[in-house]
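To start, the structure under review is shown below, and the notes come after it.
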Amino acid sequence: MNLLRSLFARQRHSRHPAAITRREEAKRAHEAAVVKRRNELRIARLTAAQLMPGSAPIAPREQVVADVRRKREAKVISPASGGAETGGMGV
């Protein structure tokens, strides 16, 4: 058992930074990219939350229907079919 411990003792020690392998560098770069992307998404979410208006409660169906009906009735219906206002014929 002591022989195995002595053989693998060097592997337990951390290596000097100059001896970091390409694989370890790639792993660190990947982890850094993941963290950077996560932070960018958080910033984007916070920005979007600030730009979007606060959520209003959903109006009851009757109120929505009444609003749509009121908007439709408020439109001015021209007696002329087309003409200068719309620029079309029979519209």
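When we follow the working numbering, the leftmost residue of the sequence shown carries the number 146, and every step to the right adds one.
We put the CB at the ideal spot given by N, CA and C, even for glycine.
Here the structure is a predicted model, which means the values were calculated and not measured.
Classify I203 as helix, strand or coil using the three-state DSSP reduction.
coil
How many Å lie between R217 and V209 at the Cα?
12 Å
Local conformation of T166 per DSSP, three classes:
coil
Measuring only the C-alpha atoms, how far is R187 from A174?
20 Å
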